[in-house]
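Q: Each residue of the sequence shown is one higher than the last, beginning at 3 in the working numbering.
A virtual CB, placed ideally from N, CA and C, is assigned to each residue, including glycine.
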Amino acid sequence: MDTWADYLISAVSYDKNRLIRAAIRHADAEHGIADGEAVGRMTISSDIKKGLQYCTMHSGKDTWRCGSKILSFSIGGKPYLRVDSNRVKMDNLGDIPETDAVPPSPKELKYTPDARSTVQKSD
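1. Just the Cα atoms here: how many angstroms apart are Y56 and G34?
2. So, helix, strand or coil for K80, using DSSP?
3. Please tell me whether I72 and V85 are closer than 7 Å, where the distance is taken between their beta carbons.
4. A103: which of T5, L10 and G38 sits nearest, CA to CA?
5. List the endpoints of the continuous alpha helix (DSSP H) containing I50.
6. What residues in its chain sit with their C-beta under 7 Å from that of K91, if we drop five residues either side in the sequence?
7. Determine the extent of the beta strand (DSSP E) in which V14 is found, giving its start and end residues.
8. What number of angstroms, rounded off, separates the C-alpha of D30 from the C-alpha of Y16?
9. Please list, in chain order, all residues of the same chain as K18 whose beta carbon is under 6 Å from its beta carbon, the five residues on each side excluded.
10. Considering only C-alpha positions, which residue in the set I98, S74, T45 and D93 is nearest to C68?
11. Round the Cβ separation of L10 and M59 to the nearest angstrom and send it over; I've been treating them as touching at under 8 Å.
12. Just reading off the beta strand (DSSP E) that R20 is part of, what are its end residues?
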């Protein structure tokens, strides 16, 4: 099976400023489309800047259909994600379904001091 992009977006949630709060992202692999996971807009923007391709996708009868390529651009150093060429301070992923998904929270790192790593004073 040919792939459409590195990742496909099937649904999105926006905040009050019409910026993406979270999107449901699916890996597009040769063996098929993976289950979706919620990711934030900065993840998508960063991936696109690294050269990864994103497209929207729509649910068809018993299948998925490829939608539009997602483009990233910056205004004043802030990234925006759109499927059209309008350069405005809002994200727009077209007519894919909106969801209540939220991006995953960063995991808190737990630090346990190691007795071997303490600094000893030299006399």
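A: Straight from the coordinates:
1. 15 Å
2. strand
3. yes
4. G38
5. That run of the alpha helix (DSSP H) goes R43 to K51.
6. I77 and Y82
7. Y9 to Y16
8. 23 Å
9. none
10. I98
11. 4 Å
12. Careful: R20 lies outside any beta strand (DSSP E) and carries neither H nor E.
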